[in-house]
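Enquirer:
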Amino acid sequence: MKRILMILGNVMIVTIILVLVLVYVNAEQKRILASQTESFENMTIAMENVTTNYLVGEQQVCNTWANYINANSLTAEQAIGFVRDSITSPEIMAHILVAGDSEVSGLSTTARPQSPDDYSVSYENVSLYSHGFDGLLSEEAMVNVTRTFTNPVNARQSIAFCNSITLRDSKTDAPVSAVLLRIVPVSSFEKKWAFPTDQYNDAEISLIDTAGDYIIKGYSFKNSNFFEFFQSYNSPSSSVMESLRKEIAGNPGVVEINDSTGRKNLVAHARIDSTDDWIILSMIPMDELGHIQTNWELVGIVSAGLLVILAFNLLIILSFNRRLKAAVAAADKANQAKTEFLSTMSHDIRTPMNAITGLTAIAGKNLEDTAAVKENLRKINLASNHLLTLINDILDISKVESGKLNLSPVTFSIVECAENLVNISQPMVKEKNIDFNFRISRFEHEYLYADQLRLNQIYINILSNAIKYTEPGGQVNVEMREEAGSSEKTIRLTYIVSDTGMGMSPEFMARMYQPFSRQTDSRVNTIQGTGLGLAITKQMIELMNGSIDCQSELGKGTTFTVILELPVAEKQLEEMRLPQMRVLLADDDPVTLETAGDTLRSLGAEVDTATSGAEAVGKVTVEHDYRVVILDWKMPDMDGLEVARRIRAEVGDDVPILLISAYDWSDMEEITEKAGVNGFISKPLFRSTLFAKLNEILGNESTRSDQEDDADIAGARILVAEDNDINWEIISMLLQMHGVETERAENGKLAVERIERSEEGEFNLVFMDIQMPVMNGIEATKRIRSLDKPWQSRIPIIAMTADAFSENIAECLAAGMNGHIAKPVDMKLVIKEIKRIKEERQ
Amino acid sequence: MSRKGPAFALIVLFVMLSLCLVACSKKGASNTKESAKGFVPRLDTNTSCSVSVAGHYSNFEALEAEFNRFEQYYPNVRMTYVYMDGYSKSGSKILSTALAGSEAPDIFFTYPYMYDWVDGKEIASASENLADPALGIDLSCIRSALLRKEQNGSILSVPVYTTTYGMMVNEEIFEKEKLSVPRTYSELISVCEALKKAGYENPIMGYSRGSDLLYPLFYPYFCAQIMGDQKALDDLNGMKPGAGEYMRDAMKLTADFMSQGFINLEECAKLANNYEAVILRFFEGDVPMMLASGNTVSGTEKREAKSEAFTAHPFKYSFHPVPSTDQGGYFINSISVGFGVNKNSKNLDMANEFMRFLVSTGELNLMAKAKRMVTPCVEMSLDSVYAPFQNLDDKRFINQSDLGLEDRPASQVSKAGLQVALGNMTVDEAVAAFGSIQ
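Protein chains in written order, with the working numbering: chain A, 1 to 842; chain B, 843 to 1280.
Listed below in structure tokens is the structure:
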């Protein structure tokens, strides 16, 4: 309906414009027409003057003849002879007529063509004289001229100028009344009496008497009478006819009439003053007048242009509508997905919350049973962590959606990152008995400069998904390798995680990066997840200008490949060189043998390899100069523990034995110690890890000194603006554990007042809750920032709030805060923030 | 709304606007060509010239309409009609004078009796042979009896109008008086009586100044009597002294009808002419029957608007045969006007081309209808006002040309009838005076 209205609206606008154009053209046409009508009328009046002059001139000639005849008392023969001699043009003829009893007859200056000697003339058949001479001779008129008649002598259509004369009877000398006619053929008259053709090509003129009878008839004037002509082709009412008669007989003017072809014409009329009742009529087709100036081409072009614009606009609007419709559909779909997500989230949040509240209640009733309380607290911690993951994901997706997901690059160790990945995945790997392999190639650059947290998040997300969606007994392989980057200052870090899990359908793969998407599978429902991980991961990868690729087959497994180009940090490990030594490396995996062997060689060691436990035992037995033996725990013929036992049995305890494992060995330490293993080294075997472990086991001093020390935050004084007692208690206790002194302000106003009273250096930092009674954290921050004393107004303020969305963070920073920590607080983050502030202050 | 909606709206808009533009650009194409379907110009259609037609009609609108149609084919030809004073008068010599002059008409009116005028030979000698096959004029569409062939087989004139005689009937009066239009002579008498009784002073009228007063009553009757009687025709055409006997019955009929007292001669004498005056008098609305010829009927339509009485109170009227016998009346058909072509015309080719265009069933019927005249075509298409004539039996159709009666005896019969009707002569006197009646 709206579309119809829109189209109709457009059509109406175009129509109105066209109508306006036409109205304008019409008005212009009318103006021009009026102007031309006036001009045409004036021309007709001018023609009347020309006609009058002509008629008067002809009449004067006739009068001169009559005067001479009358003055000289001529007989008819003498008079006609005189006139004949006076005529100079062969076109002109004169008749002298005498009215008899029954007919009018007389003499002609010219003989009939068939009878050259016969100069007699009879007007018996000419209706001109049906009313006698009186009708011809008017004393009032300047000109006495007849209507068109057929000259009985030559049958030419003619007019005649008349005057009365008195003749002398040749026999009795008695005076005889007669009429002298100076006869002019109409064709001759018409030649002298034409419109200026250059201006009015199609104009025609007629002369009529007041009765409408034509005296001279123009070509397009039809019938024998002008009024009859009008009546024939215009179907007028009697009143119209009457008014036309009056109009024509009156002052000069114009009337519109249709001619015999139906064409509309303009007829200008003017009375001939010199005659009794003659009227000059000039007629011209109306379109001839209107056509002169009207630029119909322009009107056509404007109309066509408007039509094109209309069509174009309609097409554009229709296109927009289609896109809007698609956008609405997409929005609806997204909304629906969000609704479904919220429903899922509600379920997902309630599940750990149920565990937390339930286990808390159970623990409260079994306070005496320390083991049970411990177990309950462990489970509560697990549920809390899951809940926190959920909330963090929501926060992240909020950032993703608002486009405010920013990177905070720091220098970090990719080794730690990998170790962290292994450590994090260990519990689930163990729990599900998954064959987990983590391979790395040789890493030249351990320290990179990137957003470590986000990188971890990416890798963990992909790895945890692989483990989560791989059924017990399955396999998960991780490969991480360093390749040359596009410049010397960057490396290309490739991270490949493949599993033998449930895989994904092509349909799901098409939308797996969309927020709130989770694979619909009966097995998935038992797996915890928010449906946000992949969306966040992809956004983060793209933010880092990296790429993610996925190959998956339903029921067979999935492989994710993430490629990132990351800057190399300026800080690198100092030159790592081992003393000259031989190392035996035993692993059934040739890749590990190759990569680990290369790493050891790069550290300066001489490496001997064995692909099985038996080979390793054999080599140790034969060769006695190995300074270290590194054994893989899981080997097919003989595991690492058994190999260690045999080596100890063969060569004693001199050679340190290290066991390689991708698994958590903490609960195996007793067994391994008995087997003679001196230490563990976890996969992947990073260069730095190997260097540090070998130095440690050989008793060399470690050169690494990059461990962070939290002790430097001790002694800091922090004002905590927090209205909630429990939250205050938690934060104050946690900070106290790190040697930080805290003071509480129950609301923003008290915090402002406390800062206002503070001495320089009394507080290092303010943790500011946002939603507080009396005065909120935003307002309080603004007040503090407006204090006079610089040490007060510039004091670092960190938001510590449950308002964790991006717009909340932006609002905090806009109010003048220096950072933001979301509740529940991660103490590592708190300490990091305190250190950062401290460093900035220094 | 379906997806086709906007497209449909666009199409409708374009069509509407296109139609508007077409309507603006062209104002009505020619619709007159249809009537001349089949006419194919033989000359260069860009030919520029003037062709004049001369005649005695002061007004010839029907011909001017033909000019317009012809000019559709020849837009640069200017066709004009010229009225000439004294054209139809036998002694005026106006046509022969015109044909010999510098402004000779290209086409001119002809009458069957024209070639008997004093200048008839001059007219004939200046006339084109319209039967010349080279001209391509289709004379087959004309009733053959109407075509006058010269001794050499040439045809100098093509009839364009024919006429007949009858009476104009005011149907409203008959309806009002619950009378039927009379179909027999006795019905005519009884109807006139009824009308007289109903208060109509003039149940029947006619022009009495010329020779036409009861002409429509007795002349067809006379023609029917001599039809096929070769001796009678020979005697009459020979103007033999005793030939007056052949018109006795017609004169008796005249005298008999006049004796009924239905015609008021004083009222009839007020009619100034046998055309407009007769028509306007009839349009006054109080004359149930008006004797007239087809020529008079031809002027009725034009005069309807001229008559104030008729405009104020229009009525339905028709033209009927005058029932001169108890078997009914007659439809006597004679040439009214023909067209001849000036063979010395400066634009002879175009004049002949116009004749070729005009002489067709379509154009002649159209022109006859436009002027309410009877067409000369084989395929007759009469105006509705002539409808009663179409109901006549074929046997009561008399073609004047078939009759073979010459102008002089015909004129004597006409004059005799008038004199008897006016009471200036008795039947016997009229019969005896045949050949010398003035």
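Ideal Cβ positions, reconstructed from N, Cα and C, are used throughout, including at glycine.
Any chance you could list the beta strand (DSSP E) runs of at least 3 consecutive residues sitting entirely within the segment 907-993 of chain B, in chain order?
Expert: Entirely contained in the segment 907-993 of chain B, the beta strand (DSSP E) runs reaching 3 residues are, in chain order, 919-925, 949-952.
Enquirer: Given B/Leu941, which residues of its chain have a CB within under 8 Å of its CB, disregarding the five upstream and five downstream residues?
Expert: Result list for B/Leu941: Pro947, Phe950, Glu964, Ile965, Ala968, Asn1184, Asn1186, in chain order.
Enquirer: Could you tell me the boundaries of the alpha helix (DSSP H) in which B/Tyr1057 lies?
Expert: Segment 1057-1068, the alpha helix (DSSP H) holding B/Tyr1057.
Enquirer: With distances taken Cα to Cα, identify the nearest neighbour of B/Glu1248 among B/Thr939, B/Val1120, B/Leu1208, B/Asp1076.
Expert: It is B/Asp1076.
Enquirer: What ranges does the alpha helix (DSSP H) occupy inside the segment 599-677 of chain A, keeping only unbroken runs of at least 4 residues that lie completely in it?
Expert: Runs found: 613-622, 640-651, 669-675.
Enquirer: Going by CA-CA distance only, name the one from A/Lys556, A/Asn335, A/Leu564, A/Lys835 that's closest to A/Leu846.
Expert: Coverage of chain A is limited to positions 1 through 842, which leaves residue 846 of chain A absent and any answer about it impossible.
Enquirer: Spell out whether any CB of chain A is found under 8 Å from the CB atom of B/Thr939.
Expert: So yes, B/Thr939 belongs to the interface.
Enquirer: Going by DSSP, what residues sit across from A/Ala799 in a beta bridge?
Expert: Per DSSP, A/Met768, A/His820.
Enquirer: Rounded to a whole number of angstroms, what is the C-alpha to C-alpha distance between B/Arg1051 and B/Ala1114?
Expert: Near 8 Å, if we compare the C-alpha coordinates of B/Ala1114 and B/Arg1051.
Enquirer: Applying a beta-carbon distance threshold of less than 9 Å, which residues of chain B neighbour A/Gln114?
Expert: By Cβ distance, chain B contributes Lys935, Ser938, Thr939, Ala942, Asp961, Glu964.
Enquirer: If you draw a straight line from the C-alpha of B/Ser877 to the C-alpha of B/Ala1040, how long is it?
Expert: Bear in mind that a pLDDT of 42 at B/Ser877, under 50, signals an unreliable position, so the number given afterwards is only what the model happens to contain. So the two alpha carbons sit approximately 47 Å from each other.
Enquirer: In angstroms, rounded to a whole number, what distance separates the CA positions of A/Ser552 and A/Gly474?
Expert: About 15 Å.
Enquirer: When you compare each of B/Gly1008, B/Pro1251, B/Ser982, B/Phe1276 to B/Leu1234 by their alpha carbons, which one comes out closest?
Expert: Taking only the C-alpha atoms, the option nearest B/Leu1234 is B/Gly1008.
Enquirer: Whose Cβ in chain B lies nearer than 8 Å to the Cβ of A/Lys222?
Expert: By Cβ distance, chain B contributes Glu903, Glu906.
Enquirer: Nearest by alpha-carbon distance to B/Ile1270: which of B/Ser944, B/Tyr1088, B/Val1201, B/Asp980 is it?
Expert: According to the sequence as given, residue 1270 of chain B is Asp; it is not Ile. Of B/Ser944, B/Tyr1088, B/Val1201, B/Asp980, the residue nearest in Cα terms is B/Tyr1088.
Enquirer: List the residues of chain A that B/Val924 touches, going by C-beta distances under 7 Å, in chain order.
Expert: The contacting residues are Gln157.
Enquirer: For A/Arg350 versus A/Leu407, is the C-beta spacing smaller than 8 Å?
Expert: Against a cut-off of 8 Å, the Cβ pair of A/Leu407 and A/Arg350 comes out as no contact.
Enquirer: Using the Cα positions of A/Gly618 and A/Gln426, report the straight-line distance between them to the nearest angstrom.
Expert: Looking at the two C-alpha atoms, the distance is approximately 33 Å.
Enquirer: Roughly how many whole angstroms lie between the Cα atoms of B/Gln1261 and B/Val1179?
Expert: B/Gln1261 and B/Val1179: Cα-Cα distance of roughly 27 Å.
Enquirer: Which residue wins for smallest C-alpha separation from A/Asn695, given the options A/Ala751, A/Ala799, A/Gly679?
Expert: Among A/Ala751, A/Ala799, A/Gly679, the Cα nearest to that of A/Asn695 is on A/Gly679.
Enquirer: Quick one: is B/Val864 buried, meaning 16 or more other Cβ sit within 10 Å of its Cβ, or exposed?
Expert: Any reading at B/Val864 is ruled out, since the residue's pLDDT is 45, under 50, leaving its predicted position unreliable.
Enquirer: For A/Ser170, decide whether its Cβ has a neighbour in chain B, counting only Cβ atoms nearer than 8 Å.
Expert: Judged by the 8 Å Cβ criterion, A/Ser170 is not in contact with chain B.
Enquirer: On the DSSP bridge list, what partners appear for A/Arg492?
Expert: BP columns for A/Arg492 point to A/Glu483, A/Glu565.
Enquirer: Assuming A/Ser188 and A/Lys222 make a contact with CB atoms under 8 Å, what is their CB distance in whole Å?
Expert: Contact flag wrong, Cβ pair sits at about 23 Å.
Enquirer: Measuring CB to CB, does A/Asn747 end up less than 8 Å from A/Met775?
Expert: Yes, these two residues count as a Cβ contact at 8 Å.
Enquirer: Pick out whichever of A/Pro252, A/Phe149, A/Ala155, A/Glu743 has its Cα sitting closest to the Cα of B/Ile936.
Expert: Of the candidates A/Pro252, A/Phe149, A/Ala155, A/Glu743, the one whose C-alpha sits nearest the C-alpha of B/Ile936 is A/Ala155.
Enquirer: Among A/Thr742, A/Met737, A/His820, A/Arg757, which has the Cα closest to the Cα of A/Ile778?
Expert: Nearest of A/Thr742, A/Met737, A/His820, A/Arg757 to A/Ile778, Cα basis: A/His820.
Enquirer: Can you pull the chain A neighbours of B/Thr1153, defined as C-beta to C-beta under 7 Å?
Expert: Within 7 Å Cβ-Cβ: Ser238.
Enquirer: Indicate whether at least one CB of chain A lies closer than 8 Å to the CB of B/Arg920.
Expert: Judged by the 8 Å Cβ criterion, B/Arg920 is in contact with chain A.
Enquirer: Are the CB atoms of B/Thr1142 and B/Arg1214 nearer to each other than 8 Å?
Expert: Taking 8 Å as the Cβ cut-off, B/Thr1142 and B/Arg1214 qualify as a contacting pair.
Enquirer: Give me the Cβ distance between A/Phe149 and A/Arg182, rounded to the nearest whole Å; I'm assuming they're in contact under 8 Å.
Expert: Not a contact, Cβ separation roughly 14 Å.
Enquirer: Residues of chain A with CB under 8 Å from B/Asp927, in chain order?
Expert: Correct list: Asn125, Val126, Ser127, Leu128, Phe149, Thr150, Pro152.
Enquirer: Helix, strand or coil for A/Met827 per DSSP?
Expert: DSSP places A/Met827 in helix when its eight states are reduced to three.
Enquirer: My assumption, with CB atoms under 8 Å, is that A/Pro185 sits in contact with A/Gln231. Please give the rounded CB distance.
Expert: Between A/Gln231 and A/Pro185 the Cβ distance is about 30 Å, and since that is not below 8 Å, they are no contact.
Enquirer: Quick one: using the 10 Å Cβ neighbour count with 16 as the cut-off for buried, is A/Ser343 buried or exposed?
Expert: It counts as exposed.
Enquirer: If you count every other CB in all the chains shown that lies within 10 Å of the CB of A/Asn47, and 16 or more means buried, which is it?
Expert: Looking at the sequence provided, one finds Met at residue 47 of chain A rather than Asn. A/Met47 comes out buried.
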